[in-house]
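Only one structure is covered here, and it is reproduced in the block below.
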Amino acid sequence: MLAAARQSDITEQPRSDIIVIDTLKAFGPLERPPVTFLHDQHTAALAKEKKDCLACHPMNAEKKRLSIQFQRTGEDTDKRQVMDLYHDQCISCHKQNRAQQKDAGPVTCGECHVEDAQVLSGWQPIGMDHSLHYRHVKASDNKCERCHHQYNAETKTLYYEKGQESSCVYCHKDQTEDNRISIRLAAHTACVACHRQQRSEGKNAGPLECAGCHSPQQQALIEKVADPPRIERNQPDITLVKTHADKMPDPDAPLQARMARTPFAHKPHEGYTDNCRTCHHASLAACADCHTLAGHVDGKNVKLAQATHQPDAPMSCVGCHNAEQAKPACAGCHASIPQARVWSAQTSCKVCHVPYAGEQYPQEPEAVKRLAAELAATRSQSQTMPDMQDIPEIVPIGHLVEQFEAVQMPHRKIVLKLAELTRDHRLANAFHVQPTTLCQGCHHNSPPSLKPPQCGACHGRTSDALNPNRPGLMAAFHEQCFRCHDQMGIEKPDNRDCAGCHAKRASSENK
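In numbering that gives the first Met the number 0, the protein residues as written are 0 to 510.
Here it is as structure tokens:
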């Protein structure tokens, strides 16, 4: 976010405490530019005067918490009153400091209402990952009710219901809706109030400053629990991905096996994600409760197949796998593999949708767990490699020898390195089911084989005018090698250094 400034004009480091004061927008178009307010700068100045949040944020007697509003607690109804409040309070404080020969803020309109405030924002959102959640659970003596609550629409009160704890954002959205305040207001009202209370009691407490939560540098310093305990919400260790909601007339009746269902190891996946919200983005219900086979309004008409296979959605199975494939250890190959080619291989589908010989799937919970475990056990748990003698050690590439000697590609070294990088990767182990799967990263458009055709069998010396997706040999080699090096972060040989791969030929041979 750039707070009304050009980056080229900015000399200070990005800040995470920028608040844009545009409160009067609620009454119509603004007459002047909004004010760029640096919150941490003001709290630091107040701290020198032995003042805290109460200097600007009064206590809300009804809610027994500090108001997140400036010098008021209720709803804004009068434009002039709100405007005068800011002008009187802010400017009087600035004038008072100036009279005492202290550092002071502006006192004229144009100094606050600046069109091009030269401040760059480095604000970064913060979430509650497994580690941070556990630290809060431990600090609160396992009293979940300190943070989690439900809303009773009849009594219009908040209450705690054990076993129904869920993510704050399931109810508190980006914007305030009806009687539900936004996640920003909810977090700053509850979290900051708790941190402030803990600090006043001399206890170890979370940050009160904006940068403490929203600065990337400060976030990197947050203590991490190496192996936080599991968050227990009666979730299964392993199950079959549901294809129907629990609202079926008889949820325990066997389901006809129209398609191979997916055994899903829930417990290991919890360790791969930062929080439950990674997958359960709207609620902790099963995907099929909202995303039905045909689509339903509760799931915004996103069908179950779309919800689990959308390649660019981080909460979908395929989208999450694609994000994993974008990491350097995998991207060298996968960045060049078209998605359509992956879907065309039935072997990929069967890795998740494990074939089942039965005609009906059980629905009774314990039977589902047993079957899911049996089917999951049939998946590949480790990669198989060709025999060493079947992996050529050096492959000379001399199709286009002119200015340079043939490339002596260290073929076996490359293959073994790729295998090493993915050996302990459960996703790779599940999908790399054939000894020649890794070979497909380079030998991409021919059937898996220990003796694939040479590149020149498809790529000619020049490009194919009738097939623009089939470049000539020189382009094919350089595009494939360069892309792999770039994706994997390989710096040597440098893509711009021809001699890094090709030994230059003697001048007499170039005549």
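All C-beta atoms in this analysis are idealised placements derived from N, C-alpha and C, irrespective of residue type, glycine included.
Where T377 falls: helix, strand or coil (DSSP):
coil
With 16 other Cβ atoms within 10 Å as the buried cut-off, status of V296
exposed
Collapsed DSSP secondary structure at I413 in the structure displayed
helix
Give me, in chain order, the residues of the same chain whose beta-carbon lies closer than 8 Å to that of C108; leave out the 5 immediate sequence neighbours on both sides.
R31
For P262, which of V240, D273, R276 has the nearest alpha-carbon?
V240
Report the residue from L472, C348, V400 whose alpha carbon sits nearest the alpha carbon of V432.
C348
Please classify F36: does DSSP put it in a helix, a strand, or coil?
strand
Per DSSP, what kind of secondary structure is I182 in: helix, strand or coil?
helix
CB of Q407 within 9 Å of CB of P395, strictly:
yes
Run the CB neighbour count on H132, radius 10 Å, all protein chains shown included, and call it buried at 16 or more, exposed below.
buried
Distance check for F476 and K510, CA to CA, integer angstroms please.
Note that K510 scores 45 on pLDDT, short of 50, meaning its location in the model is unreliable; the coordinates nonetheless yield the value given after this. Cα to Cα, the separation comes out at about 25 Å.
Could you check where the alpha helix (DSSP H) with M487 kicks off and where it finishes?
472-487
So, at 8 Å on beta carbons, what are the nonlocal neighbours of A502 in its own chain, with the 5 sequence-adjacent residues on each side left out?
F403, E404
Residue(s) in a DSSP beta bridge with N466
Beta-bridge pairing links N466 to no other residue.
Measure from the alpha carbon of P451 to the alpha carbon of each residue in Q439, S462, T461, R460, then state which is nearest.
Q439
Please confirm if the segment 361-376 is in contact with the segment 416-425, defined as three or more CB-CB distances below 8 Å between the two stretches.
no
Coil, strand or helix - F69 by DSSP:
coil
Do S335 and H443 have their beta-carbon atoms positioned less than 9 Å apart in this structure?
yes
Cross-strand partners of N151 (DSSP beta bridge)
T156
Let's test the definition: count the other Cβ atoms within 10 Å of the Cβ of Q6 and tell me whether it reaches 16, buried, or not, exposed.
Residue placement at Q6 is flagged as unreliable, the pLDDT there being 40, under the threshold of 50; the coordinate-derived value follows with that caveat. So Q6 ends up on the exposed side.
Which residue wins for smallest C-alpha separation from G489, given the options V400, I413, K94?
According to the sequence displayed, residue 489 carries Ile and not Gly. Checking every option, the nearest Cα to that of I489 belongs to I413.
Cα separation between Q479 and D128?
38 Å
By a C-beta neighbour count over all protein chains shown, 10 Å radius and 16 as the cutoff for buried, is D493 buried or exposed?
exposed
Quick check on S139: buried or exposed, where buried means 16 or more other Cβ atoms within 10 Å of its Cβ?
exposed
Name the residue from T307, T291, P470, Q380 whose alpha carbon lies nearest to the alpha carbon of C278.
T307
Would you kindly report the start and end of the unbroken alpha helix (DSSP H) that includes Q338?
338-343
Taking buried to mean at least 16 other C-beta atoms within 10 Å of its own C-beta, is M387 buried or exposed?
exposed
With DSSP as the reference, identify every bridge partner of N59, one or two as the case may be.
R64
Where M58 falls, given that 16 or more other Cβ within 10 Å makes a residue buried
exposed
Extent of the continuous beta strand (DSSP E) to which M408 belongs
406-408
If you run the structure through DSSP and keep just helix, strand and coil, what is V359?
Before going further, note that residue 359 is Gln rather than Val in the sequence given. Q359 falls in the strand class under three-state DSSP.
Straight-line Cα distance separating H147 from R183
16 Å
The alpha helix (DSSP H) spanning P395 covers which residue range?
Not the alpha helix (DSSP H): P395 falls in the beta strand (DSSP E), residues 394-396.
State the Cα-Cα distance for the pair R14 and C441, rounded to the nearest angstrom.
45 Å
Between the C-alpha atoms of E208 and T42, what's the straight-line distance to the nearest angstrom?
8 Å
For the beta strand (DSSP E) that V19 lies in, which residues bound it at each end?
17-20
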